[in-house]
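Enquirer:
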Amino acid sequence: MALYFDEPSRTFSEYLLVPGYSSAECMPSNVCLKTPLIKYRKGQEECPLTLNIPLVSAIMQSVSGEQMAIALATEGGISFIYGSQSVASEAAMVARVKSYKAGFVCSDSNLRPDATLSDVLALKERTGHSTMAVTEDGTEAGRLLGILTSRDYRVSRMSLDTKVSECMTPFDSLVYAKEGVSLKEANDIIWEHKLNALPIIDDAGRLKYFVFRKDYSSHKENPNELLDADKRYIVGAGINTRDYEERVPALVEAGADVLCIDSSEGFTEWQKRTLDFIRGRYGDSVKVGAGNVVDREGFLYLAKAGADFVKVGIGGGSICITREQKGIGRGQATAVIEVAAARDEYFRETGIYVPICSDGGIVYDYHMTLALAMGADFLMLGRYFARFDESPTNKLNINGNYVKEYWGEGSNRARNWQRYDLGGASKLSFEEGVDSYVPYAGSLKDNVTLSLNKVKSTMCNCGCLTIPELQKNAKITLVSATSIVEGGAHDVILKENNVNVIK
Ligand code: IMP
């Protein structure tokens, strides 16, 4: 007879945290959000790779490109560069993150000299950047002819047909530096000449980077930056269970610090074969997570197969229609609670702590705190990060509202069929994800700071200063449908400017 679970599986919104005693020590500035990313012998050694904040960005085309990876590592988390692209282009993205020099920014706003002011305004709208490079052919590879900033034109006084070449600061009048200059030297030039941006060019006169005045100071304000021993940003990368023999060596060569098998359902022999290949070829030197699973059995299978961390969640993602299409999945809260118990059981038996990642379904910031309290070591988010400047999608104006695009890896748009692969030659003929918009929300830094301030504040209410303390001491209560209504603003007539009201 089939196995029945008599209790419904539950989602984060069905729970709340009950405050504990907060001593005077319990202030948000004392909270530490460090958390292990990969397995280790807890109590006997330090975890070799820890996150400074418990957030990683989803392995998705619409989320994790190189800009996201740099911005998130700056804040102390990790991006997993999406694997649904060619091996060469994924490895190149990883390599660019690893070779990124903090403070040196590649220009993504480039124009030809014959572009017009209306092209400038359109580019500014799309990228949000007001400093633009004018190059011979309008690409980053062309020779630099000049720079255009918002100081060079006045929309109210000039025709929109004015050519960029007529209003830019031409190369001959520019202050620039040669490739190889240090950030400190660049900054000195910026101060000396009262510049906002300094172009850095190579011997052929091509623009390599900009150094911005604001970036130099912000670089010094990132105490959580996640860096490797050579002071390069830490970055992850997605792999699949089909082409790992080719993809894994390329990503390792490119400098990926950690890999993750990206699959909608990970309790499979395909995952074990992938892990066996990696362990056979690299031993423990290559770190790799596996998943996704939603129960004890699935976790134990992947932990025993050698996964460095295990990802939890099926069907809870905001763009996911797996549950509707295939009827598989489990409420995210229930899945995390059960898998966390399995992780602790495995630790008691083996002395090895295999961190778990709650993947998908985080809607409100308090869901982050709940997921951690339920036992997640860190969280993977897609929709959350897709809303920020750093996601690799365009910002669009739809009926006066700014949005960004966000599409599932199982949608026709991403065509990441390996993620749903169950072997055999055939490709799947149905989608498990949708193509959508999410409201544009600004910069990653501002949003992550705000969300984590809320997490820290709640942790203090629970009397906890670390994630392990929260996992051990949290008091979590189920809420009834009626009390969810009581939790929002109710029985008042809301004024229109209430931006924080959950609708
Ligand atoms: P979100 O944070 O709720 O948007 O969920 C993101 C997670 O959804 C990802 O990390 C994936 O695990 C999962 N996901 C990504 N694309 C798809 C899809 O097309 N179908 C189902 N799940 C997806």
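The sequence shown maps to residues 1 to 503 in UniProt numbering. We treat Cβ as the ideally placed atom computed from N, Cα and C, and that holds for glycine.
#1: Would DSSP call Asn473 helix, strand or coil?
#2: Would a C-beta distance cut-off of 9 Å place Ile362 and Ala373 closer than the cut-off?
#3: So, is Phe430 buried or exposed, given that buried needs 16 or more other C-beta atoms within 10 angstroms?
#4: May I ask you to report which of helix, strand or coil DSSP gives Leu405?
#5: Measure the C-alpha to C-alpha separation of Pro161 and Ser118 and round it to an integer number of angstroms.
#6: Less than 9 Å between the beta carbons of Met459 and Leu470, yes or no?
#7: I'd like the list of long-range same chain contacts for Val258, defined as Cβ closer than 6 Å, with 5 residues on each side in sequence excluded.
#8: If the criterion is Cβ atoms closer than 9 Å, does the pair Ala177 and Val211 meet it?
#9: Got a sec? Which residues, its chain only, sit under 7 Å from Arg279 by beta carbon, not counting five neighbours each side?
#10: For Lys311, report the span of its beta strand (DSSP E) as first-last.
#11: I want to know whether the segment 320 to 331 touches the segment 343 to 354 - three or more CB-CB distances under 8 Å.
#12: Only counting the same chain, and skipping five residues up and downstream in sequence, which positions put a Cβ closer than 6 Å to that of Ser79?
#13: Should Thr135 go down as buried or exposed, given a rule of 16 or more other Cβ atoms within 10 Å for buried?
#14: Roughly how many angstroms lie between the CA atoms of Asn447 and Phe378, to the nearest whole one?
#15: If you measure from the CB of Val336, is any heavy atom of the ligand IMP nearer than 8 Å?
#16: DSSP three-state label for Thr268, please.
#17: Where does Ile81 fall in DSSP's three states?
#18: Let me make sure I understand the geometry here. Which of Glu75, Pro36 and Lys42 has the alpha-carbon closest to that of Lys445?
#19: Would you report the Cα separation of Ala335 and Met380, rounded to the nearest angstrom?
#20: Thinking C-alpha only, which one of Val339, Ile201 and Gly255 is nearest residue 504?
#21: Along the chain, where does the beta strand (DSSP E) containing Met380 start, and where does it finish?
#22: Output the boundary residues of the alpha helix (DSSP H) element that contains Asn453.
#23: How far does the beta strand (DSSP E) with Tyr209 in it reach, from first residue to last?
#24: Give the secondary structure of Gly360 by DSSP, where H, G and I count as helix, E and B as strand, and everything else as coil.
#25: Any heavy atom of the ligand IMP closer than 8 Å to the beta-carbon of Glu409?
#26: Would you say the beta carbon of Ser264 is closer than 8 Å to some non-hydrogen atom of the ligand IMP?
Expert: With the structure as the only source:
#1: Position 473 of the sequence shown, counted from the start, is the residue given in the question as residue 473. Three-state result, Asn473: helix.
#2: Here residue 362 refers to the residue found at position 362 when the sequence shown is read from its first residue. Here residue 373 refers to the residue found at position 373 when the sequence shown is read from its first residue. Cβ distance not < 9 Å, so Ile362 and Ala373 don't count as in contact.
#3: As a position in the sequence shown, residue 430 is number 430, starting the count at 1. The residue is exposed, with fewer than 16 neighbouring Cβ atoms inside 10 Å.
#4: The residue you call residue 405 lines up with position 405 of the sequence shown. It should be pointed out that residue 405 corresponds to Glu in this sequence rather than to Leu. Glu405: strand per DSSP, three-state reduction.
#5: To locate residue 161, count along the sequence shown from 1; it is residue 161. To locate residue 118, count along the sequence shown from 1; it is residue 118. Per the sequence shown, residue 161 should be read as Asp rather than Pro. When rounded, the distance between both Cα atoms is 7 Å.
#6: By 1-based counting over the sequence shown, the position of residue 459 is 459. By 1-based counting over the sequence shown, the position of residue 470 is 470. For Met459 and Leu470, yes; Cβs fall inside 9 Å.
#7: To locate residue 258, count along the sequence shown from 1; it is residue 258. Excluding positions up to five away in sequence, the list reads Gly236 and Lys287.
#8: Within the sequence shown, the letter at position 177 stands for residue 177. Within the sequence shown, the letter at position 211 stands for residue 211. Yes; because the gap between Cβ atoms is below 9 Å, this pair is in contact.
#9: Your numbering for residue 279 matches position 279 in the sequence shown. Excluding residues within five positions, the ones whose Cβ falls inside 7 Å are Gly306.
#10: Numbered from its first residue, the sequence shown carries residue 311 at position 311. Per DSSP, Lys311 belongs to the beta strand (DSSP E) from Phe309 to Val312.
#11: no
#12: Residue 79 sits at position 79 when you count from the first residue of the sequence shown. Taken in chain order, the residues that qualify are Ser57, Ser64, Met68, Ala69 and Leu72.
#13: Mapped onto the sequence shown, residue 135 falls at position 135. By the 10 Å Cβ count, Thr135 comes out buried.
#14: By one-based count along the sequence shown, residue 447 stands at place 447. By one-based count along the sequence shown, residue 378 stands at place 378. Near 17 Å, if we compare the C-alpha coordinates of Phe378 and Asn447.
#15: For the purposes of this step, residue 336 is taken as residue 336 along the sequence shown, with counting starting at 1. False, no ligand heavy atom lies under 8 Å from that Cβ.
#16: Against the sequence shown, residue 268 aligns to sequence position 268. Three-state result, Thr268: coil.
#17: One-based indexing of the sequence shown puts residue 81 at position 81. In the structure shown, Ile81 sits in a strand (DSSP, three-state: E or B).
#18: Here residue 445 refers to the residue found at position 445 of the sequence shown. Of Glu75, Pro36 and Lys42, the residue nearest in Cα terms is Glu75.
#19: Taking the sequence shown and counting its residues from 1, the one referred to as residue 335 is at position 335. Taking the sequence shown and counting its residues from 1, the one referred to as residue 380 is at position 380. So the alpha carbons of these two residues sit roughly 14 Å apart.
#20: No information on residue 504 is available, as it lies outside the stretch 1 to 503 that the chain covers here.
#21: As a first step, residue 380 is located in the sequence shown; it is residue number 380 there, counting from the start. Unbroken beta strand (DSSP E) run through Met380: Phe378 to Leu381.
#22: The residue you call residue 453 lines up with position 453 of the sequence shown. Looking at the DSSP string, the run of the alpha helix (DSSP H) that includes Asn453 is Leu444 to Asn461.
#23: As a first step, residue 209 must be located in the sequence shown, where it is residue number 209. Segment Leu207 to Phe212, the beta strand (DSSP E) holding Tyr209.
#24: As a working note, residue 360 is residue 360 in the sequence shown. Coil.
#25: Here residue 409 refers to the residue found at position 409 of the sequence shown. Yes, the ligand IMP has a heavy atom inside 8 Å of this Cβ.
#26: Position 264 of the sequence shown, counting from 1, holds the residue named residue 264. At least one heavy atom of the ligand IMP is nearer than 8 Å to the Cβ of Ser264, so yes.
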